[in-house]
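Trainee: Residue numbers are given in this note's numbering: position 255 of the sequence shown equals residue 280, and the series is strictly consecutive. Each residue gets a CB set at the ideal place from its N, CA and C atoms; glycine is no exception. Remember, predicted model here, so these are calculated numbers, not experimental data. What follows is a structure written as structure tokens; I'll ask about it next.
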Amino acid sequence: DSFMVKVCLLTHENAGVIREIFGYTSPSVLGTKSAFGTGDRIGGAASATPGHIRAAKNYDVAVFFAQQSVRENARTRRTFRQVLDDATWGVFQEGYKRQWGADADHLMDLVSMGQAVDAGFTMFTVDPSHCINDTPVNMGLEESRRTFLALFSTGKEAKKFMEKYLSISRKLTSPTHTLKIEYREKKVMQIAVQYLRAIRFTSDAYAAITHHKGTTDIDFEMSVDETSTPTTALAHYLIIRELCDAGVRLTSLAPR
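Here it is as structure tokens:
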């Protein structure tokens, strides 16, 4: 039987055609599967994706072959579109037919979020570190209270927020650990002062991304790992609770 071979350039337009014809070359939403990100920081003819695929293909783990931040894009002079296209060509070259992901990392503004959506990314890691206040641990009680109240439009809203967490008393258990979740007034104020603006930014970012993409079927992460203080268990719980209450479908949280 005869066949024809067509030689094409590795252009964005051709990568789009490849993704349309061969579905496995498009990234997928991975959810809570065991996964890790390789993040090819080279791209182009020297793309590291084929090597990442060969290293990962024999393991029961999903991989984010396209994973890069806005900061890394600036340093490597690449775009989200180029990052995804390079991953597509690597997947196509290796014939890798398992699901893989594309993570737009450390997103801090609406412009970069829109660029990641338009490029076809499936995971969006929002970095609200510019909204985090690392000073509450050094505040006195009265200063904490004033700063806490300023986060709300009315005293009634602040009281409702406080009562929600003071009423919580529960234990989170695993086969090896038990964690007691219980708040005191000062602790609620400290956590809110430190993280509430970041939580609101993340919630707004989620709304903007899902609106622009036209679906909530995405992987979504809030990253608070680039702060000066560790994320406590009580802070972790409050962040997750607030995001869930705001309707954010969170895949993961990156604490410090």
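#1: If I measure Cβ to Cβ from Leu55 and keep anything under 7 Å in the same chain, skipping five residues before and after, which residues do I get?
#2: Quick one: what does DSSP say Lys197 is sitting in, helix, strand or coil?
#3: Any contact between the segment 249-267 and the segment 216-227? By contact I mean 3 or more CB pairs, one from each, below 8 Å.
#4: According to the neighbour-count rule (16 or more other Cβ atoms, all chains shown, within 10 Å of its Cβ), is Asp130 buried or exposed?
#5: What are the boundary residues of the beta strand (DSSP E) that includes Met148?
#6: Quick one: Cα of Leu34 to Cα of Gln93, how far?
#7: Grab me the residues of Arg66's own chain with a C-beta within less than 8 Å of its C-beta, minus the 5 sequence neighbours each way, in chain order.
#8: Going by DSSP in three states, Phe245 sits in which element: helix, strand or coil?
#9: Based on DSSP bridge pairs, tell me the residues matched to Asp128.
#10: Could you tell me which residues DSSP puts in a beta bridge with Leu204?
#11: Between Asp85 and the rest of its own chain, which residues show a CB-CB distance below 8 Å, the 5 nearest in sequence each way excluded?
Mentor: With the given structure in hand:
#1: On the sequence shown, position 30 is the one that residue 55 refers to. Closer than 7 Å at the Cβ level, and outside the excluded window around Leu55, lie Ala87, Gln124, Gly126 and Asp244.
#2: Position 172 of the sequence shown, counting from 1, holds the residue named residue 197. Sequence inspection shows Leu at residue 197; the Lys mentioned does not correspond to that position. Here Leu197 sits in strand by DSSP.
#3: Here the segment 249-267 makes contact with the segment 216-227; the two share three or more CB pairs at distances below 8 Å.
#4: Locating residue 130 in the sequence shown gives position 105, counting from the first residue. Looking at its Cβ environment, which holds 16 or more other Cβ atoms inside 10 Å, Asp130 is buried.
#5: Locating residue 148 in the sequence shown gives position 123, counting from the first residue. Here the beta strand (DSSP E) through Met148 covers Met148 to Val151.
#6: Within the sequence shown, numbered from 1, the residue matching residue 34 stands at position 9. Within the sequence shown, numbered from 1, the residue matching residue 93 stands at position 68. Near 24 Å, if we compare the C-alpha coordinates of Gln93 and Leu34.
#7: For this step, residue 66 is matched to residue 41 along the sequence shown. Closer than 8 Å at Cβ, skipping near neighbours: Ala73, Gln93, Glu97 and Thr101.
#8: Position 220 of the sequence shown holds residue 245. Three-state result, Phe245: strand.
#9: If you number the sequence shown from 1, residue 128 lands on position 103. In the DSSP output, where bridge partners are listed per residue, Asp128 has Gln92 and Met148.
#10: As a position in the sequence shown, residue 204 is number 179, starting the count at 1. Leu197, per the DSSP bridge assignment.
#11: The residue you call residue 85 lines up with position 60 of the sequence shown. Once the five neighbours on either side are set aside, the close Cβ partners of Asp85 are Ser59.
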